[in-house]
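Chains as they are written, first to last, in the numbering used here: chain S, 404 to 620; chain U, 404 to 620.
Report on one structure; see the data block that follows.
2 protein chains.
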Amino acid sequence: MELAEAGGVGMADKFEGLSKEKRQRIINAGFEVFSQNDYRRASTDVIAARAGISKGLLFYYFHNKKSLYLYLFEYLKKMLIKLVVDEKFMEITDFFEILEYSTQKKMEIWQKHPYFLDFAMRTYFSEKEDVSPFLKKTYKELEVALYRQCFSHVDTYKFREGIDPFHILKLLVWMSDGYLREVNMQGNGWDMEAIKKEYDGWIRMLRREAYKEEYWL
Amino acid sequence: MELAEAGGVGMADKFEGLSKEKRQRIINAGFEVFSQNDYRRASTDVIAARAGISKGLLFYYFHNKKSLYLYLFEYLKKMLIKLVVDEKFMEITDFFEILEYSTQKKMEIWQKHPYFLDFAMRTYFSEKEDVSPFLKKTYKELEVALYRQCFSHVDTYKFREGIDPFHILKLLVWMSDGYLREVNMQGNGWDMEAIKKEYDGWIRMLRREAYKEEYWL
DNA sequence: CATCCATTGACCAGGTCGGTCAATCTTCAT
DNA sequence: ATGAAGATTGACCGACCTGGTCAATGGATG
Chain S
404 MELAEAGGVG
414 MADKFEGLSK
424 EKRQRIINAG
434 FEVFSQNDYR
444 RASTDVIAAR
454 AGISKGLLFY
464 YFHNKKSLYL
474 YLFEYLKKML
484 IKLVVDEKFM
494 EITDFFEILE
504 YSTQKKMEIW
514 QKHPYFLDFA
524 MRTYFSEKED
534 VSPFLKKTYK
544 ELEVALYRQC
554 FSHVDTYKFR
564 EGIDPFHILK
574 LLVWMSDGYL
584 REVNMQGNGW
594 DMEAIKKEYD
604 GWIRMLRREA
614 YKEEYWL
Chain U
404 MELAEAGGVG
414 MADKFEGLSK
424 EKRQRIINAG
434 FEVFSQNDYR
444 RASTDVIAAR
454 AGISKGLLFY
464 YFHNKKSLYL
474 YLFEYLKKML
484 IKLVVDEKFM
494 EITDFFEILE
504 YSTQKKMEIW
514 QKHPYFLDFA
524 MRTYFSEKED
534 VSPFLKKTYK
544 ELEVALYRQC
554 FSHVDTYKFR
564 EGIDPFHILK
574 LLVWMSDGYL
584 REVNMQGNGW
594 DMEAIKKEYD
604 GWIRMLRREA
614 YKEEYWL
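Spelled out as structure tokens, the structure:
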């Protein structure tokens, strides 16, 4: 009875036995709806409809809403780790090159799975939801782990004294988030070219700010 | 019947006749609840409870939820203009000095009226709400108007060619928003000193980025 | 005591939500 | 053809929450 709570292993045997296409349809519907509404307002009716199945069937696969959500959360975690961390990360040693590469990756993910980022955001900012207690821990852990994984082998000697790379990283993330939100708000389609150009400009600026002069390039 | 829709003038005569303290209590409750929930979920029950009055009385002052919301919106607009735009803005001609001054103002507002910013954010990002249609226009207008007011008399000759001051402004807003959100998330109380220091660092960086070298200072 | 207004909170109708379940449809071995 | 087993449906339920109402109460005034 409690196994659904723990981690989602084995709870969805019925679901795992589905055809890949159908499973994907349901997963996508889940991410879409959970990324657009907070947990409470994300309606199982809507998810089922978006997935093209009946609500009854949805609850046939996932015993309740919470276990569906946790399943999606685990799925996201696995996907992120699989997509973000590859061997190439280990080869790059320059902080800003890693940054550039990971950003490119992020863009790819975002184009392929447009709801991932919003979903992750919502998990992070969710308050007073049925689900939130254990999420925040997990999310913070994941963030730190990914950072460790990606930036552990960075050329620290290139930095000025008193500059914290993690800090620079955060700054860039905030800027890009803000920019993306802005563009999103305008409602235009995405001008990926312009975004990239802008982004590169910021990186150049931050490089000058953070690196010793001899590494400016 | 339609006067409540237009602008809220005269619709709340009962409300305007209240004691300043009580009026303020209700206004604060409204901002608090509307800043923490989106329009639909912002419950009039909760607002009334937070204000320490009965729900019936709330609807005695404001005929319905929408007119309460619009009243708060107008109130916010007036307050922002009153608080942000003073004579001093007209005296400063250096872009970054204006920036610094307006940021300081923003901080003051934020400490005095902690819900203003979130409320404004929600109005801007609200989707498919009963209220949203006319809000976006108004908000955009307000933003542009404030920008014009504040930065119309700026020393443009100090900028490098190809640099758009408005662009720089946006960037800084994004960074500060991100930073504030982050600090907010940690749940610590505010270390205003640290925030200010950090902010100044960014401004210095952006100044070097945007100004011709002879104006770096 | 009567009048007038501020104030209350139980109450209503409408809507949404998660979750259930008897009934149906598919599949397939016999 | 038949029947058993599993997959699938969607009407339905009760719990909850919403904006809004209204008869009843309180209190001040003259």
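The beta-carbon is built from N, C-alpha and C at its ideal position, and this holds for glycine as well.
By Cβ distance below 7 Å, which residues in the same chain neighbour residue i in space, the five residues on each side in sequence not counted?
{"i": "ALA445/U", "result": "VAL436 and PHE437"}
{"i": "LEU520/U", "result": "TRP513"}
{"i": "LEU545/U", "result": "LYS480"}
{"i": "PRO568/U", "result": "PHE498, PHE554, VAL557 and PHE562"}
{"i": "TYR542/U", "result": "THR526 and TYR527"}
Which residues of chain S have a Cβ atom closer than 9 Å to the Cβ of residue i, listed in chain order?
{"i": "MET608/U", "result": "MET608, LEU609, ARG611 and GLU612"}
Could you tell me which chain S residues have their CB closer than 7 Å to the CB of residue i, listed as they occur along the chain?
{"i": "LEU574/U", "result": "MET578"}
How would you list, in chain order, the residues of chain U whose beta-carbon sits under 9 Å from the beta-carbon of residue i?
{"i": "GLY581/S", "result": "LYS573, LEU574, VAL576, TRP577, MET578, ASP580 and GLY581"}
How about residue i and residue j: are their beta carbons less than 9 Å apart?
{"i": "LEU471/U", "j": "TYR464/U", "result": "yes"}
{"i": "ILE512/S", "j": "VAL487/S", "result": "yes"}
{"i": "TRP605/S", "j": "LEU574/U", "result": "yes"}
{"i": "THR447/S", "j": "LYS480/S", "result": "no"}
{"i": "GLU419/S", "j": "ARG428/S", "result": "no"}
{"i": "MET608/U", "j": "MET578/S", "result": "no"}
{"i": "ASP580/S", "j": "GLU503/S", "result": "no"}
{"i": "LYS561/S", "j": "PHE498/S", "result": "yes"}
{"i": "LEU460/U", "j": "GLY433/U", "result": "no"}
{"i": "TYR518/S", "j": "GLN439/S", "result": "yes"}
{"i": "ALA613/U", "j": "ILE566/U", "result": "yes"}
{"i": "LEU473/S", "j": "ALA523/S", "result": "no"}
{"i": "LYS508/U", "j": "ARG563/U", "result": "no"}
{"i": "ARG688/S", "j": "TYR442/S", "result": "Since the displayed chain S opens at 404 and closes at 620, residue 688/S lies outside it and no answer follows."}
Got a sec? Which residues, its chain only, sit under 8 Å from residue i by beta carbon, not counting five neighbours each side?
{"i": "CYS553/U", "result": "VAL487, VAL488, PHE492, ILE501 and SER505"}
{"i": "HIS556/U", "result": "MET493 and THR496"}
{"i": "TYR478/S", "result": "ILE430"}
{"i": "LYS417/U", "result": "TYR463 and TYR464"}
{"i": "GLU622/S", "result": "With chain S covering only 404 through 620, there is no way to say anything about residue 622/S."}
{"i": "SER457/U", "result": "ALA451"}
Strictly by DSSP, which residues pair up with residue i?
{"i": "TYR614/U", "result": "PHE562/U"}
Using a Cβ-Cβ cut-off of 6 Å (strictly less than) and excluding sequence neighbours within five positions of residue i, which residues of its own chain qualify?
{"i": "GLU405/U", "result": "Low local confidence applies: a pLDDT of 35 at GLU405/U is under 50, so the model's placement there is unreliable, with the coordinate-based value given in what follows. Closer than 6 Å at Cβ, skipping near neighbours: no residue."}
{"i": "TYR618/U", "result": "LYS561"}
{"i": "ALA454/S", "result": "ARG428, ILE429 and ALA432"}
{"i": "ARG611/S", "result": "TRP619"}
{"i": "SER422/U", "result": "none"}
{"i": "VAL384/S", "result": "With chain S covering only 404 through 620, there is no way to say anything about residue 384/S."}
{"i": "ALA452/S", "result": "none"}
Threshold first: 4 residues or longer. Then list the alpha helix (DSSP H) segments lying entirely within the stretch 446-509 of chain U, N to C.
447-454, 458-464, 468-487 and 490-494
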